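K.L.:
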Amino acid sequence: MDEDNSKAKARNYRVTSFDVAAEAGVSQSTVSRALAGDPVVSEATRLRVAEAARRLNYSVDENAARLRTGKTGTLAVVVICRPDEDRKDLNPFTYSLLGTICAAASVRGYETLVSFQDGPQNLSGRYEERRKADGLILIGTTQNLDAWNYYRDLGQSGMKLVCWGSPFDDLEWIRSDNHAGAVLATDHLINAGFRQIVCIGSENSLQRQFKERYDGYCEAIHAAGLTPALIEIEEGLSREEQGRRAVRALKASGQPFDAIFAVCDELALGVLRELTETGTRIPQDCGLIGFDGIRASAHAMPPLSSIQPDFTAAGAMLVDKLLAVIAGKAHEQRRVPVSLLARESTRRS
1 MDEDNSKAKA
11 RNYRVTSFDV
21 AAEAGVSQST
31 VSRALAGDPV
41 VSEATRLRVA
51 EAARRLNYSV
61 DENAARLRTG
71 KTGTLAVVVI
81 CRPDEDRKDL
91 NPFTYSLLGT
101 ICAAASVRGY
111 ETLVSFQDGP
121 QNLSGRYEER
131 RKADGLILIG
141 TTQNLDAWNY
151 YRDLGQSGMK
161 LVCWGSPFDD
171 LEWIRSDNHA
181 GAVLATDHLI
191 NAGFRQIVCI
201 GSENSLQRQF
211 KERYDGYCEA
221 IHAAGLTPAL
231 IEIEEGLSRE
241 EQGRRAVRAL
251 KASGQPFDAI
261 FAVCDELALG
271 VLRELTETGT
281 RIPQDCGLIG
291 FDGIRASAHA
301 MPPLSSIQPD
311 FTAAGAMLVD
321 KLLAVIAGKA
331 HEQRRVPVSL
341 LARESTRRS
């Protein structure tokens, strides 16, 4: 039996930092600082402590460390849903964003506690008070204003939180570069030869990004010497149904169109379905582009062009902004870069 294993087996109690200190010939406080990566500890000492910890099979007691620092090492992520919404019907964008948030938190040494919330019976955000998390990231639909008001009150009372998709600008937030993305989408349609480009979206929705995207569309349209046209979506419906009804309203209005910019992919999928079912060919009769880059857009028939935010950057920026809020530091980045996904729905032969 080698010496390392004999030492480990000779002990029938939990190895502590004091044992590591004795093994390495340093103080217990030096062990704590060395294993925490404190730059005060020299590299030679850190390596000696790490080797002693390895020989003794020592691992840091996370609970004790959290008690000492007053931190949980956990970030809460709350997904706001519509009260009548089955979780499997959530916008796929939400799941993509959730995955990158969890990945970014893990890279930074944090666990994540995820909760899906909708009505008064399960709105619960006091994670800091209950010592469940150090702060909270809030994502999900704006079609649940009661939930957003609940979290707005918590945020204004001092709870550490950061939002994606917030209807309120007085909370800490991260968003896609919606204006630039809409300009990119509209310019793409113009460069493809489309001239009667209609936007399906909203100027007045609680979805702040919809107004930002409409403004970007208008900027690109005016720059090309064209005339903007907006079909407002009906509130209180699923995005797909909003898209379908917007197409019906567009056709009933008599407004000429040869392309549509839908301000999110789920709307665009509803638009696509309504157009194809009523005999409008995509892209021969009408070009179509969405925004969000959800996976379903790539599998539509035809595949849907879209503007995609950098999901990895979005998750990282949300986590970094929350950690800055927790630490009381400034974090100025707010806009996630976007890129064009050009597919068959805008490709004229």
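Sequential numbering from 1 applies to the sequence shown in full-length UniProt numbering. For every residue, glycine included, the Cβ atom is placed at its ideal position computed from N, Cα and C. Everything numeric in this text was worked out from a predicted model, so none of it was measured.
From D118, S157, P303 and G290, pick the residue whose C-alpha is nearest to that of T186; which is it?
P.N.:
G290
K.L.:
Using the Cα positions of L161 and L171, report the straight-line distance between them to the nearest angstrom.
P.N.:
8 Å
K.L.:
Determine contact between the segment 288 to 304 and the segment 141 to 158, defined as no fewer than three beta-carbon pairs at a distance below 8 Å.
P.N.:
no
K.L.:
With a threshold of 16 other CB atoms inside 10 Å of the CB of H188, please say whether the residue is buried or exposed.
P.N.:
buried
K.L.:
Please report the straight-line C-alpha distance between A249 and E240, rounded to a whole angstrom.
P.N.:
When rounded, the separation of the alpha-carbon atoms in A249 and E240 is 14 Å.
K.L.:
So, A324 versus A316, is the Cβ gap smaller than 8 Å?
P.N.:
no
K.L.:
If you follow the alpha helix (DSSP H) that residue 399 is part of, which residue opens it and which one closes it?
P.N.:
Nothing in the structure corresponds to residue 399, since the chain is present only between 1 and 349.
K.L.:
Three or more beta-carbon pairs under 8 Å between the segment 193 to 208 and the segment 228 to 235, yes or no?
P.N.:
yes
K.L.:
Which residue's Cα is closest to the Cα of D153: G125, S205 and I190?
P.N.:
Measuring from the Cα of D153, the nearest candidate turns out to be G125.
K.L.:
Select from V338, G225 and L47 the residue whose C-alpha is nearest the C-alpha of A180.
P.N.:
V338
K.L.:
What ranges does the beta strand (DSSP E) occupy inside the segment 266 to 343, keeping only unbroken runs of at least 3 residues that lie completely in it?
P.N.:
287 to 289, 306 to 309 and 338 to 341
K.L.:
Our contact map puts V49 next to V77 with C-beta atoms below 8 Å; I'd like the distance itself, whole angstroms only.
P.N.:
About 35 Å; that fails the 8 Å criterion.
K.L.:
Kindly indicate which residue of Q121, Q117 and D146 has the alpha-carbon position closest to the one of I137.
P.N.:
Q117
K.L.:
For K9, which residues from the same chain have a beta carbon less than 7 Å from its beta carbon, with the 5 sequence-adjacent residues on both sides left out?
P.N.:
Its pLDDT being 47, under 50, K9 is placed unreliably in this model, and the coordinates cannot settle the point.
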